[in-house]
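Chains as they are written, first to last, in my numbering: chain A, 0 to 226; chain B, 425 to 872. Where a beta carbon is used, it is the ideal one built from N, C-alpha and C, also for glycine. Report on one structure; see the data block that follows.
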């Protein structure tokens with residue numbers, strides 16, 4: 000196992016070492032100590048490695064991740080896992096706003112709560128939150144799945160496209176063009192798999208599915224109040 | 425009943441209202457018939473103070489000229505040397521502005537790459553990601569990082585020669601993109617992760633940062649992901665140029681792209697294009713002042729865009745302190761957009777060559793702003809690239825002609841003192857003396 004003290008090594012050298020790992024690297028397990036809320040830790044990774052960050056992280060930890068697994072042993076700052084393409088990010092604590100923003104793929108797991116705009120503009124990422132999520136989550140969500148074992152804040156899924164939202168608890172309010180949907184067997188299957196991948200034992204049947212009403216897909220003057 | 429005519433009283437001539445002009449009345453009738461605002465492409469069409477309101481004085485006894493065609497007048501520019509390991513070296517200071525694949529056809533993007541590369545300059549992606557034909561044909565490609573993040577991925581990011589974080593666009597400061605369903609073909613839809621045929625609204629704000637402090641961290645992240653190799657530009661609309669440039673530099677930008685309201689868009693509300701933003705002439709001096717106040721002029725490059733058409737515009741922009749310019753609309757015209765050879769078809773669309781701006785409808789007779797396979801066939805990317813190269817060469821020669829006449833051996837040596845203003849507005853906006861005087865409105869110590 001490779002261990003890096005971020006305070007000693009510095010951000011640039013740390014990321015450089017992680018970026019230097021090729022697909023067939025044998026240095027597959029890394030630990031970053033003394034994260035101390037630094038920004039852009041382990042962003043832009045593109046190798047099948049596992050990085051554990053000890054402590055809380057600042058903005059954009061794991062940004063644009065490809066292939067790597069990143070474990071954050073603390074809470075995660077704004078924009079964690081933004082534009083994630085593949086791989087997995089697991090946050091032991093809470094996540095700040097814009098979690099997984101515009102993510103195109105991969106999985107993000109939050110064991111605590113996630114703040115506002117969780118999954119904003121998501122484009123294929125799967126996000127599973129054990130606790131609650133904040134307001135305006137999945138705003139303009141295009142595709143992927145957002146699973147919330149707790150409650151969702153105001154305006155869930157505002158102006159969303161084809162992303163799916165599964166909420167076990169209460170939804171304070173739905174955003175424009177977001178509606179409650181029927182939970183069909185294929186949705187139960189997706190949810191079962193995501194909960195298993197996240198390691199949460201919630202029952203899929205307890206969730207409600209939400210998604211786009213598709214009324215704002217083409218501009219109609221009669222919907223002007225919603226724009 | 426008798427009327428005035430039968431009484432022999434002369435009639436006044438029919439008089440059109442300046443307030444309710446035929447243009448205005450047609451807008452009202454269109455609004456009344458449809459219930460929706462007008463959407464169009466292009467930039468501000470209204471008459472604005474422009475670089476045409478400035479003149480170069482040329483050489484005289486106190487300034488001697490350089491021999492045209494003999495003495496060297498350099499046109500090269502390096503962008504992004506402040507923080508980037510690999511700054512961009514351009515042979516000419518005229519770059520191609522960001523325009524999306526989606527708004528433009530694949531072959532049109534290819535032509536922009538071909539023309540720019542042949543002329544020794546860069547081209548720029550747009551809202552919709554990087555296409556292989558664009559990357560393949562552009563020797564220097566700037567990758568736009570937009571609020572929508574359509575098609576955004578780290579592999580393409582690392583293929584870019586520079587990254588341009590788009591905060592605003594001159595045609596619509598504070599507005600996001602718009603691509604209507606007619607242009608969302610299978611390929612466009614797939615690149616943007618959207619269903620085919622829907623009206624696509626791009627976000628107006630970045631999803632994961634707000635404000636200058638966040639921007640600084642966003643720039644840090646992009647540099648970390650790309651190994652501090654490529655320059656990072658920040659593009660802002662001509663909204664509050666002094667503060668926007670100051671904040672962009674503070675956040676760590678290597679270059680600032682500043683886009684005035686004549687700058688085009690693929691599609692947005694006409695009211696937005698015509699009534700939000702500032703003319704290009706008005707935004708350059710505050711931007712340069714900001715760089716000078718920070719001691720960063722010529723260290724952080726300023727790229728000016730919005731209605732640049734000729735070598736004279738290039739020379740004037742550079743005399744006022746820009747390091748380079750960017751062209752969008754002018755490049756499309758060079759490719760063949762709005763060419764009178766398609767007049768009959770423009771007429772069928774209810775318009776005329778030069779006025780066609782319904783680019784969002786995807787029915788461009790010139791085959792440039794469309795995703796229709798039949799219309800796209802009309803456009804030859806090799807010929808288009810050759811035309812763009814020619815146009816860029818002519819602009820460069822024109823700018824050099826002016827610079828030599830002013831005694832400058834590099835376009836960057838042009839200076840505000842080479843200029844006079846023709847109008848009070850231009851004098852005030854550009855802080856250039858009104859021709860025949862040593863005064864401009866607002867000049868310190870003059871009481872005005």
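Where residue i sits in the DSSP three-state scheme
| i | result |
| --- | --- |
| residue 72 of chain A | strand |
| residue 479 of chain B | strand |
| residue 136 of chain A | coil |
| residue 206 of chain A | coil |
| residue 633 of chain B | coil |
| residue 535 of chain B | helix |
| residue 444 of chain B | coil |
| residue 623 of chain B | coil |
| residue 91 of chain A | coil |
| residue 541 of chain B | helix |
| residue 58 of chain A | coil |
| residue 160 of chain A | coil |
| residue 678 of chain B | coil |
| residue 818 of chain B | helix |
| residue 591 of chain B | coil |
| residue 651 of chain B | coil |
| residue 450 of chain B | helix |
8 Å Cβ cutoff met for residue i and residue j
| i | j | result |
| --- | --- | --- |
| residue 696 of chain B | residue 605 of chain B | no |
| residue 479 of chain B | residue 831 of chain B | no |
| residue 824 of chain B | residue 529 of chain B | no |
| residue 134 of chain A | residue 113 of chain A | no |
| residue 504 of chain B | residue 655 of chain B | yes |
| residue 119 of chain A | residue 94 of chain A | no |
| residue 726 of chain B | residue 680 of chain B | yes |
| residue 651 of chain B | residue 18 of chain A | yes |
| residue 465 of chain B | residue 747 of chain B | no |
| residue 673 of chain B | residue 644 of chain B | no |
| residue 215 of chain A | residue 162 of chain A | no |
| residue 499 of chain B | residue 515 of chain B | yes |
| residue 738 of chain B | residue 518 of chain B | yes |
| residue 83 of chain A | residue 105 of chain A | yes |
| residue 527 of chain B | residue 793 of chain B | yes |
Burial state of residue i, where buried means 16 or more other Cβ atoms lie within 10 Å
| i | result |
| --- | --- |
| residue 776 of chain B | exposed |
| residue 839 of chain B | exposed |
| residue 768 of chain B | exposed |
| residue 124 of chain A | buried |
| residue 440 of chain B | exposed |
| residue 525 of chain B | buried |
| residue 558 of chain B | buried |
| residue 806 of chain B | exposed |
| residue 444 of chain B | exposed |
| residue 648 of chain B | buried |
| residue 699 of chain B | exposed |
| residue 855 of chain B | buried |
| residue 627 of chain B | buried |
| residue 436 of chain B | exposed |
Residue i: CB within 7 Å of a non-hydrogen atom of the ligand GDP
| i | result |
| --- | --- |
| residue 56 of chain A | As far as ligands go, the structure on display features none, and thus does not contain the ligand GDP. |
Candidates the options, of which the one nearest residue i by Cα
| i | options | result |
| --- | --- | --- |
| residue 560 of chain B | B/572, B/546 and B/570 | B/546 |
| residue 66 of chain A | A/12, A/56 and A/87 | A/87 |
| residue 228 of chain A | A/38, A/30 and A/63 | In the structure as shown, chain A starts at 0 and stops at 226, and residue 228 of chain A therefore has no counterpart that could be examined. |
| residue 675 of chain B | B/785, B/684, B/659 and B/819 | B/659 |
| residue 717 of chain B | B/652, B/670, B/578 and B/568 | B/670 |
| residue 764 of chain B | B/788, B/744 and B/746 | B/788 |
| residue 723 of chain B | B/688, B/685, B/444 and B/836 | B/836 |
| residue 826 of chain B | B/735, B/860 and B/662 | B/735 |
| residue 122 of chain A | B/573, B/548 and B/536 | B/573 |
| residue 791 of chain B | B/627, B/757 and B/562 | B/757 |
| residue 467 of chain B | B/779, B/816, B/801 and B/815 | B/779 |
| residue 597 of chain B | B/609, B/863, B/608 and B/629 | B/629 |
Task: Residues of the region 47-62 of chain A with Cβ closer than 7 Å to any Cβ of chain B, in chain order - done: Residues passing the 7 Å Cβ filter: 58, 59 and 62.
Open item on the list: To be precise: take each residue of the region 455-473 of chain B, compare its Cβ to all Cβ atoms of chain A, and keep it if any distance is under 8 Å. Which residues remain?
Closed with: The residues in question are 458, 459 and 460.
Open item on the list: Using a Cβ-Cβ cutoff of 8 Å, what residues of the region 632-650 of chain B are near chain A? List them in chain order.
Closed with: So the close ones are 632, 633, 638, 641, 642, 644, 645, 648, 649 and 650.
TODO: Mind checking the region 97-122 of chain A against chain B and listing, in chain order, the residues whose C-beta falls within less than 8 Å of any C-beta there?
DONE: Cβ contacts with chain B: 97, 100, 101, 103, 116, 119, 120 and 122.
- [ ] Compile a chain-ordered list of the residues in the region 154-187 of chain A whose CB is closer than 7 Å to at least one CB of chain B.
- [x] Closer than 7 Å at the C-beta level to chain B, one finds these residues of the region 154-187 of chain A: 160 and 161.
- [ ] Closer than 9 Å, Cβ to Cβ, to anything on chain B: give me those residues from the region 77-88 of chain A, in chain order.
- [x] Listed in sequence order: 77, 78, 81, 82 and 84.
Task: Selection of the region 133-150 of chain A by Cβ proximity to chain B, strictly under 7 Å - done: The region 133-150 of chain A vs chain B, Cβ under 7 Å: 139, 141 and 142.
- [ ] Identify each residue in the region 20-49 of chain A for which the Cβ-Cβ distance to at least one residue of chain B is less than 8 Å, and report them in chain order.
- [x] Along the region 20-49 of chain A, going in chain order, the ones with a CB nearer than 8 Å to a CB of chain B are 38, 39, 42, 43 and 45.
TODO: With 8 Å as the C-beta to C-beta threshold (strictly closer), list the residues of the region 485-503 of chain B near chain A in chain order.
DONE: Interface annotation for the region 485-503 of chain B against chain A: empty, criterion Cβ-Cβ distance under 8 Å.
- [ ] With 7 Å as the limit, tell me which residues of the region 213-225 of chain A have their beta carbon closer than that to any beta carbon of chain B; keep them in chain order.
- [x] Correct list: 216, 217, 218 and 220.
Task: chain A contacts from the region 582-606 of chain B (Cβ-Cβ distance under 7 Å) - done: Here the close residues are 605.
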